[in-house]
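In the working numbering, the protein residues as written are 11 to 151.
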């Protein structure tokens, strides 16, 4: 996941998403046309966390405390190719909505991380209020 193939694969998916977006007829009324992007490992990469020797790409038991410390640092890099997709989607007229299983307590650090990487505007950033990220995302879409 740290090599060239990962970047090529992500770029291929981003290109497919953009090509699909170009086919979506957007209504001319005032309704927002949104594109939803998940934050974790779709926009912001957690690979540097998982690449740490003591995490070993998930080869060791998940440590939620250690992962929370990583998230609080706000240093996640962008997933390759996604900033370009984000800008292209905006140029097509889509409003961006970010959704994340991250806790509401991480709103400020997540916002700063996104903006520092060039994700400067969005319609909404939806963060979880509960402890169950999977159920949270299902209820919000």
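Here a beta-carbon is modelled for each residue, glycine too, at the ideal position from N, C-alpha and C. Every value quoted in this text rests on a predicted model; they were computed, and no experiment measured them.
Quick check: the region 71-78 against the region 120-136, are at least 3 beta-carbon pairs closer than 8 Å? Because the criterion of three Cβ pairs below 8 Å is not met, the region 120-136 and the region 71-78 do not touch.
Starting from residue 48, trace the beta strand (DSSP E) both ways and give me its first and last residue. Secondary structure note for residue 48: its beta strand (DSSP E) is the uninterrupted segment 44-48.
I'd like to check one pair, residue 50 with residue 113: are the Cβ atoms closer than 7 Å? Their beta carbons are not under 7 Å apart, which means residue 113 does not touch residue 50 by this criterion.
So the candidates are 37, 29, 32 and 123; which of them puts its Cα closest to the Cα of residue 10? A query on residue 10 cannot be resolved here, the shown segment of the chain reaching from 11 to 151 and no further.
Residue interval of the beta strand (DSSP E) (run including residue 107): Here the beta strand (DSSP E) through residue 107 covers 105-113.
Which listed residue (56, 93 and 98) has its alpha carbon closest to that of residue 83: Nearest option by C-alpha distance: 56.
Going by DSSP, what residue range makes up the alpha helix (DSSP H) through residue 79? Element bounds for residue 79: 74-83.
Exposed unless 16 or more other CB atoms sit within 10 angstroms - verdict on residue 81: With 16 or more other Cβ atoms within 10 Å, it is buried.
Which one of 99, 117 and 64 has the shortest CA to CA distance from residue 46? Out of 99, 117 and 64, 99 has the C-alpha closest to the C-alpha of residue 46.
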